[in-house]
Amino acid sequence: MPESDTESDTDSVQCDEESYSFHLKTYGCQMNVSDSSIVRSVLLSSTSPKFHEVEDSSNADISLTNTCAIRENAETKVWNRMYSLRASEKNKPSTSPKQIIALLGCMSERLKTSVFSDSKASIDVVCGPDAYASLPSLLSSALTKQERGCNTELSFTETYDDVVPVRSAESLTESYISIMRGCNNMCSYCIVPFTRGRERSKGVEHILDDFRRLVDSGVKEVTLLGQNVNSYHDKTTGSNFYEPSNPGFKNMYKRSGSGMYFTDLMDSVSRIDSSVRIRFTSPHPKDFPERLLDLISERVNLCNSIHLPAQSGSATVLERMRRGYDAESYLKVVDAARSKIEGVAISSDFITGFCGETEEEHCETLQLMERVRYDQAFMFKYSMRGKTHAHRRMEDDVEEKVKGRRLEEVIEVFRRNVQAKNEEEEMGQERVVLVEGTAKRSTAENRTLTGRTDGNKRVVFGDGCGAKAGGYVKVRINEVRGHTLRGEEIGRCDIKGNLENVG
C-alpha cells in the first residue's frame, strides 16, 4: 500500500467524568487511518475502564500513536514524537500523573518489547495491528498498576469482523472499509508480511453491512482497503469458482481454491447505492482479471482510477524484488486497463536504489515511466528493513547519494509527463467533481471549493451554485498545475454528470 502523508489528530467527544481521556495520532497509509477508527471504537465501547477522546494530546491521560514501519524515516518521525511527548511533561506540575504512552501499529509489531529499553521515550504500552481488542486491559494495567504491557500477536483470521469502526470528524464525505489484512507475497524488500501477518479476508456480509452503514451516514465515497486488496478471497461463500492470476504473473505462494473473489465483492458493493463512489487500494498487478476491468468500465460508481504498483521497470530488479512479473507482463495489464476503461487514470509506486541496482536498470525504470505516463506516483528511495529477504540475503550496496539522484530523476520524469498528459487530456474537458470542502486559499470574497474527479485528480474551482461537501458538480477545466486542475463551475449534477434542474 502506498504510504500517504497522513498525520491525523482527532476531535473530542462528550465524556463521562470518571473515564480516562485519550488522544490518538495516526501516521502512514489509509489502512492505518482505518485501523485508528477500530481503536477508537474499541476504547469508546469499553465499560471497564471507560475512555473518552480529546483533541489536545497535552491534556490526555493517554497518548496513542498509530505507526508506520515501511521505511526508516517513518519510524524516525514516531521516535521524535515519543521524545516530544515525554519532554512536554516537564512543563506540568510535579503532582500531575504521568501520561501513558501507547505505541500501536506496524512499528509496534516490528520492534515489540525492545521499545521499552528506550528510557527517553519511556513507552508504557505496545499493541500490534491484530491486538487492539486487548487495549482496554493493557491501558488499565498501565494506569492503575503502572505495569508495562505488550500484545503483538498476529491472527490467522479476520480479527475485527464484528467491530463497528468510529470515524473521526475530519471527513464527512469519504471513508474506508478494511476488507482484508496481511500479505502472502513476501517481496524481498517489504516488511508488511512481518508486521501485518498472512492474508485473511473479512466476510462479505460484514463488508456489505459496513458499506450500508456508511451510506446511511451520508458518506459519498468509500475506499476498500487491503495490503493486497484485489487478492480478496472469502472462502466461506461456497462458490466453486476459481480465479487464477493474470497470464505472465507468477504467484509467490500457493493460491487456495474456490470462494468469492474481489470482482464478485465489487459487483455486490457497487449495487447498494449507485450514487456513492467506490475506490480500492492497494492492489497487486497479478490480480486484475478481465472481468474486473470490464466491471469497472460498466459501473459508473466504480472509479476509473487504478493503482498499479510497478516498483521498477527492470526485469532483473523485479526478479530480485520477488515481484513475480517483468515489465512486459506489467504493461499488458496497463494496456488492458486502457483499452477497456475509458479515461482510466493509472498510478504507481517506485523504489529507487534497490540492492544491486545498476544505472542501466535504473534507466529501464525511467523508460517504463515514459511509456506509461502515470497520473500519480509514489516514489521513494530504498530503505533496508530487518527480517526481510533482502536483509537476510542481499547487500544494501547503492550509495545514498546515488539513491537520491535516481529518485530526483524518477520524480522529474513523472512531473514532466503528468503536466503534459493533463494539458493534453484535461484542458477544456468537463469533469464530474465530488466536492470535499473549501479550498485552502478560499476567501470570503472569492470562495473556492476543492474536490476530486472520478480519476482521483484534484480540482479547485469557484463556487457559483452553493455546492456543499458531498455533492457532485460539473466543472470545465481551464488550467493545469501539475496534477492539480483548476476550472469553472458549470452546475450541480449527479454522479453521471446530469445537471440539476435549477429552474
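Residue numbers for the sequence shown follow full-length UniProt numbering, so the first one is 1 and each next one is one higher.
We treat Cβ as the ideally placed atom computed from N, Cα and C, and that holds for glycine.
Small disclaimer: the values here were computed from a predicted structure and weren't measured.
8 Å contact criterion, which residue i and residue j should meet: CB distance rounded
i	j	result
Glu153	Ala133	No, Glu153 and Ala133 are not in contact; Cβ-Cβ is about 11 Å, not under 8 Å.
Ala310	Asp335	Between Asp335 and Ala310 the Cβ distance is about 14 Å, and since that is not below 8 Å, they are no contact.
Arg196	Pro129	6 Å
Glu328	Cys355	The Cβ separation is near 23 Å, so there is no contact.
Leu366	Val410	7 Å
Pro165	Ile38	5 Å
Tyr189	Tyr325	Going by Cβ atoms, the distance from Tyr189 to Tyr325 rounds to 15 Å, so no, they are not a contact pair.
CA-to-CA distance, residue j to residue i, given in whole angstroms
i	j	result
Gln14	Ser34	With a pLDDT of 43 at Gln14, under the threshold of 50, the modelled position of that residue is not reliable, and the figure given next carries that caveat. Taking the straight line from one Cα to the other gives about 22 Å.
Val300	Ala337	16 Å
Ile70	His23	23 Å
Pro247	Lys254	16 Å
His307	Ser282	7 Å
Ser63	Thr26	11 Å
residue 564	Glu430	Residue 564 falls outside the range modelled here, since the chain spans only 1 to 503, and no answer is possible.
Pro136	Val125	11 Å
Asp209	Asp454	24 Å
Ser12	Val54	Low confidence applies here, because Ser12 scores a pLDDT of 40, under 50, leaving its location unreliable; read the following figure in that light. Going from the Cα of Ser12 to the Cα of Val54 covers about 4 Å.
Glu18	Lys145	17 Å
Val432	His284	28 Å
Thr358	Glu370	19 Å
Leu104	Thr352	29 Å
Asp161	Thr236	14 Å
Leu318	Val229	21 Å
Cys68	Gln30	11 Å
Ala315	Thr438	45 Å
Glu221	Asn422	23 Å
Asp16	Leu44	In this prediction, Asp16 scores a pLDDT of 44, lower than 50, which makes its location untrustworthy; no coordinate-derived value is stated.
Asp234	Met252	20 Å
Ser4	Cys106	Bear in mind that the predicted position of Ser4 carries a pLDDT of just 48, short of 50, making it too unreliable to give a figure here.
Glu436	Leu214	16 Å
Lys50	Ala377	43 Å
Glu500	Tyr330	41 Å
Thr443	Gly470	20 Å
Gly491	Ser274	20 Å
Val333	Ala74	31 Å
Phe262	Ala121	42 Å
Gly149	Asp375	45 Å
Gly451	Glu243	36 Å
Val459	Glu360	37 Å
Residues sharing a beta bridge with residue i, DSSP
i	result
Lys381	Thr352
Arg452	Leu434, Arg458
Lys254	Per DSSP, none; premise fails for Lys254.
Met260	Asp234
Arg200	Arg181
Glu174	Glu221
His389	Per DSSP, none; premise fails for His389.
Cys150	Val126
Phe116	Answer is none; Phe116 lacks a bridge partner.
Phe51	Tyr20
Leu135	Answer by DSSP bridge pairing: none, since Leu135 is not bridged.
Leu499	Cys493
Ser274	Answer by DSSP bridge pairing: none, since Ser274 is not bridged.
Proximity test, Cβ basis, 7 Å: residue i and chain C
i	result
Ser314	This model lacks chain C altogether, as it is built from one protein chain only.
Residue j beta carbon less than 7 Å from that of residue i
i	j	result
Ser21	His52	yes
Ile278	Asn304	no
Ser36	Asn66	yes
Val473	Gly487	no
Phe280	Leu224	yes
Phe211	Val269	yes
Gly226	Arg200	no
Met186	Tyr232	no
Leu485	Asp463	no
Gly482	Gln419	yes
Cys127	Ser140	no
Limits of the unbroken alpha helix (DSSP H) element including residue i
i	result
Glu423	400-425
Ser329	327-340
Arg279	Unbroken run through Arg279 is the beta strand (DSSP E), 277-281; no alpha helix (DSSP H).
Cys363	359-372
Ala315	315-321
For residue i, the first and last residue of its enclosing beta strand (DSSP E)
i	result
Phe461	458-462
Tyr83	Run containing Tyr83: none in the beta strand (DSSP E); it sits in the alpha helix (DSSP H), 72-88.
residue 504	A question about residue 504 goes unanswered here, because the residues of the chain that appear run from 1 up to 503.
Cys493	484-493
Cys475	As written in the sequence, residue 475 is Val, which differs from the Cys given in the question. Run containing Val475: 472-481, per the beta strand (DSSP E) assignment.
Arg100	Residue identity check: residue 100 is Ile in the sequence provided, not Arg. 100-105 is the span of the beta strand (DSSP E), which, as asked, contains Ile100.
Lys25	20-28
Ile62	62-67
His284	Taken as a continuous stretch (DSSP letters only), His284 belongs to no beta strand (DSSP E), as it is neither H nor E.
Ile306	305-307
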